[in-house]
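First up is the structure itself, then whatever we jot down about it.
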Amino acid sequence: MRTKSNFDTGFSGVFWMGMMTILNYCAQLVITYFLARLLSPADYGEVVALTILIGLAELFWMFGVGPAIVQKADISKDDIITGNTLNILFGIFVFIVINILAIPLVKLFSISDIVMLRVFSFVFILNSLASLSQALSQKKCRFKRISVVRSISIIFYGGAAISLAFMQFGPWALVYANLLQALLVSVLFLILEPVPVKFKIHKESAGKLLHFGGGFTLARFFNYLATRGDSFVINKLMGKSELGLYTRAQQLLMYPVNLVGETLDQVLFPLLSQNNGDKKKLKQVFLNGTGTIAFITAPIAIAAFIRAEEMIVFFLGENWLDAVLPFRMLIIGLFFRTGYKLSESLVRAMGKVYQGALIQVIYALFVVAGAYLGHFYGLAGVASGVTVAFTVNYILLTGLCMYLVRISMADLLRTIVPSLIYSTIAIAAVMQADPLFITLNNPLLICVVTAVFVFLVYLLCFVMLKKWTMSAELRAFILALAQRFSLRRRKLKRVQEANA
């Protein structure tokens with residue numbers, strides 16, 4: 001029986017995570033399309049204010065136990081039992097703390113409805129039940145399983161949220177939909193990856209898990225402050241409607257970020273962890289991954305920046321036009337917002353979580369400072385300040401990775417410059433054709449035609465210039481991915497036809 005290589009396993013993971021993330025991307029766009037017409041910016045802002053607090057508390061509920069299980073080379077039954085017990089205890093503890101401190105918390109986070117916070121806090125108990133099952137699935141590289149569960153939960157969430165919003169539940173529609181989604185995910189993972197029903201803490205296992213988990217949580221805490229610090233500033237200084245507008249613009253940015261960055265992070269972290277002693281292999285994976293991210297994100301950023309207004313009108317409606325400029329400022333930093341996830345995966349895989357945490361402190365300070373200074377110039381100012389912070393975070397994390405696996409600046413530039421060359425040509429071409437596209441007078445059609453044109457020009461540049469602009473290794477890696485993706489799709493189609 002042939003053993004899968006890391007590339008085979010990694011590609012299989014990228015394929016399934018990528019395909020299902022594309023499905024999720026499409027489903028979320030459909031969900032956003034309907035919810036933006038059923039809920040107001042203020043409704044969104046109310047729930048976002050809640051999720052800022054819930055997301056922060058979630059870090060301490062997890063305390064990095066799941067990632068510690070994924071990162072640990074050899075896990076025992078004691079590790080699994082201890083990890084599961086810790087997760088459930090942390091979940092109950094955080095639920096109790098939030099309910100005890102609800103009154104000061106709603107004031108601090110500018111939450112209007114204390115009952116909504118108390119109800120939403122049940123999500124910690126629901127999530128804690130199967131968080132270890134999810135971690136074990138990731139460690140075992142069960143990417144197909146993870147992808148399918150994620151897709152089912154998103155579609156279920158969308159159906160619940162849209163139905164409740166249509167029945168005039170307002171912001172409560174999103175709260176109930178989140179709770180139902182958490183319940184469904186927990187049930188599915190417990191069925192697919194059951195863990196021993198035993199509650200016990202083994203001191204040695206707990207010590208090892210919490211050591212890694214402590215550094216991981218510290219890094220995630222400051223990363224969370226960075227990724228939600230802008231929303232906190234807007235909520236406190238600008239209001240719920242502005243927060244709703246900004247988060248919708250940010251959500252459109254996060255679709256391609258999650259499509260590329262989260263997929264690679266979920267797949268590469270366990271693979272990098274398995275090879276964390278082989279710096280040559282880590283260097284190869286990092287450079288190829290960086291080049292691939294640049295290659296994919298560049299045309300997306302170009303098309304989205306040029307067609308920002310049409311995207312907002314189609315997906316959100318004309319009531320959300322104030323989100324256009326913030327979205328443009330955010331999409332400029334798409335590569336940095338996506339690329340740092342690969343650097344973060346490498347840092348975690350090598351166990352350098354405390355060095356990563358220090359960088360997250362700096363990142364968080366830049367985000368909060370950028371958002372505060374930017375708010376004097378409106379939402380576009382906030383978005384610009386946050387984009388600067390993304391860039392700083394990418395530079396610092398990538399610099400740490402370059403030091404850890406001995407990558408030179410020349411090595412890094414060789415992976416990024418080709419995409420810059422192709423992008424410059426694509427921008428020049430689309431600006432020439434833009435007056436023709438605008439005459440189509442249909443937001444969706446204009447977006448589609450522009451995106452297709454940009455991608456065709458970009459791919460043409462790759463085909464014609466790759467030998468002179470791109471290293472042979474990166475070129476071979478991208479072509480191998482494309483070839484294997486095509487073969488995998490044909491194989492999947494044959495299986496579907498045989499079962500029809």
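All the letters of the sequence shown, read from the start, carry residue numbers 1 to 500 under full-length UniProt numbering. No residue lacks a Cβ here, since even glycine has one placed at the ideal position from N, Cα and C.
Whole angstroms is fine: what's the gap from residue i's alpha carbon to residue j's?
i, j, result
"residue 2", "residue 476", "Interpretation of residue 2 is limited by its pLDDT of 47, a score under 50 that renders its predicted location unreliable; the figure taken from the coordinates is listed afterwards. Those two C-alpha atoms are separated by around 23 Å."
"residue 513", "residue 130", "Within the shown structure, residues of the chain are numbered from 1 to 500, placing residue 513 beyond reach of any answer."
"residue 83", "residue 253", "34 Å"
"residue 120", "residue 105", "13 Å"
"residue 352", "residue 413", "24 Å"
"residue 153", "residue 184", "7 Å"
"residue 480", "residue 103", "56 Å"
"residue 365", "residue 357", "13 Å"
"residue 502", "residue 435", "The requested residue 502 does not occur in the structure, where the chain is confined to residues 1 to 500."
"residue 200", "residue 281", "38 Å"
"residue 288", "residue 169", "47 Å"
"residue 407", "residue 294", "17 Å"
"residue 245", "residue 161", "19 Å"
"residue 517", "residue 182", "A query on residue 517 cannot be resolved here, the shown segment of the chain reaching from 1 to 500 and no further."
"residue 500", "residue 144", "For residue 500, the predicted structure reports a pLDDT of 48, less than 50, and the residue's modelled location is therefore unreliable. A value from the coordinates is still provided. The straight-line gap from Cα to Cα measures roughly 21 Å."
"residue 85", "residue 198", "8 Å"
"residue 383", "residue 336", "14 Å"
"residue 466", "residue 260", "22 Å"
"residue 339", "residue 290", "7 Å"
In three-state terms, what does DSSP make of residue i?
i, result
"residue 279", "helix"
"residue 101", "coil"
"residue 307", "coil"
"residue 3", "Confidence at residue 3 is low in this model, with a pLDDT of 47, below 50, so its placement is unreliable and the value that follows should be read with caution. In the structure shown, residue 3 sits in coil (DSSP, three-state: anything other than H, G, I, E or B)."
"residue 112", "coil"
"residue 74", "coil"
"residue 200", "coil"
"residue 94", "helix"
"residue 316", "coil"
"residue 47", "helix"
"residue 39", "coil"
"residue 30", "helix"
"residue 65", "helix"
"residue 169", "coil"
"residue 195", "coil"
Which residue marks the beginning of the alpha helix (DSSP H) containing residue i, and which one marks its end?
i, result
"residue 434", "409-438"
"residue 458", "443-469"
"residue 161", "143-166"
"residue 139", "131-139"
"residue 372", "353-374"
"residue 331", "324-331"
"residue 344", "334-349"
"residue 248", "240-257"
"residue 394", "379-405"
"residue 172", "172-192"
"residue 124", "123-128"
Indicate, with yes or no, if the ligand MN has a heavy atom lying under 8 Å from the CB of residue i.
i, result
"residue 444", "Of the ligands one can find in the structure shown there are none, so the ligand MN has no counterpart to examine."
Legend entry - Segment contact, 8 Å Cβ cut-off, at least three pairs: the segment 411-430 with the segment 452-462: These segments touch.
Legend entry - Touch test, the segment 220-236 against the segment 366-377, Cβ-Cβ under 8 Å, three pairs minimum: The segment 220-236, when compared against the segment 366-377, does touch it at the 8 Å Cβ threshold.
Inset, instruction - Check whether the segment 85-105 touches the segment 23-35, counting contact only when three or more Cβ pairs, one atom from each stretch, lie closer than 8 Å. - result: Contact fails: fewer than three Cβ-Cβ distances are below 8 Å.
Inset, instruction - May I ask you to verify whether the segment 318-335 touches the segment 48-59, counting CB pairs closer than 8 Å and requiring at least 3? - result: With the cut-off at 8 Å, the segment 318-335 and the segment 48-59 do not touch.
Inset, instruction - Evaluate contact between the segment 378-392 and the segment 322-329, counting only Cβ atoms and requiring at least three cross-stretch pairs below 8 Å. - result: With contact defined as three or more Cβ pairs closer than 8 Å, the segment 378-392 and the segment 322-329 are in contact.
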